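What follows is a single structure, written as structure tokens, with notes after it.
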Amino acid sequence: MSELRNIVVLTGAGISAESGLATFRGPGGLWEGHRVEDVCTPEALARDPALVHRFYDLRREALERVEPNAAHEALARLDAEWPGELLIVTQNVDDLHERAGAKRLLHMHGELNSALCAACGERQAWRGSLPPGTDCDACGRSALRPDIVFFGEMPYEMEAIDRALARADLFVSIGTSGAVYPAAGFVRTARYHGADTLELNLEPSEGSVYFAESRMGPAGVLVPTWVDEVLAD
């Protein structure tokens, strides 16, 4: 660890579940009662924009009722104190990392508190309800949609993520299922470039076999302990 300089951290739904946000799959998950094809694809948006917009309005409302947990706060402390390169890549569309204080952060799947213009591509901060047909401040067209990377669309900032993985000495995955690509492939990319790899998860992910070390337990316990280890060294 004394030779560790550059760290890439990937976070998934498991880290925010401990704050009270529903994960995507399983009993009580976001997809319960909804097919993915109904709420999270470009085709769904074209077919039933009211349903898609309402789905993300409800998620935005739920986000207002929760707070960052100990895992978010520990990563924010790592961000503030780590002298080397650090990139926190989150698959989550919530703002809990930001509210905890993290700054070296990329949202690869978009953000709930942002709206995307389907006409001109501009993004703008957004709070509250986003009805279909809302005007874009940049181009004036009635084309704002949730700024969410739907299934079948390209995640944001992939070039920056690939560059960080190529330079990483350590890749850490926190609270991810290992089932959604391209994020599920990050561990293999990091290993290819010589990085050490660590998984912190409630249970083994689908990609656990690719990690040099896996620690199982709640993110609110595992992440602060790991951050303490890194900063102490």
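As numbered in my numbering, residues 264 to 496 make up the sequence shown, in order.
Glycine residues also receive a C-beta, built at the ideal position from the N, C-alpha and C atoms.
Note that the structure is a prediction, hence the values are computed from the model and not measured.
| Item | Value |
| --- | --- |
| Unbroken stretches of the beta strand (DSSP E), 3 residues or longer, contained in the stretch 412-489 | 433-437, 459-464 and 476-479 |
| Sequence-distant residues of the same chain with beta carbon closer than 6 angstroms to V272, five excluded per side | I351 and V435 |
| Any non-hydrogen atom of the ligand NAP within 7 angstroms of L407 CB | With respect to the ligand NAP, the structure offers nothing, as it holds no ligand at all. |
| Length of the line joining the Cα atoms of L433 and Y444 | 20 angstroms |
| Alpha carbon of P312 to alpha carbon of I411, nearest angstrom | 14 angstroms |
| Whether S392 touches D301 by CB criterion (8 angstroms) | no |
| Beta-carbon spacing of A482, L461 below 8 angstroms | no |
| Between the CA atoms of F474 and P409 - distance to the nearest angstrom | 34 angstroms |
| Test item: CB-CB of N269 and A453 under 8 angstroms | no |
| Beta-carbon proximity check, E469 vs A447, cutoff 8 angstroms | yes |
| P331, DSSP secondary structure in three states | coil |
| Inter-residue Cα distance where the pair is G364 and A382 | 33 angstroms |
| Those residues which DSSP pairs with T274 across a bridge | T353 and I437 |
| Residue(s) in a DSSP beta bridge with P409 | A378 |
| Residues of its chain near H360, where Cβ-Cβ distance is below 8 angstroms and the 5 sequence neighbours each way are ignored | T274, P331, H335, L338, A339, I351, T353 and L368 |
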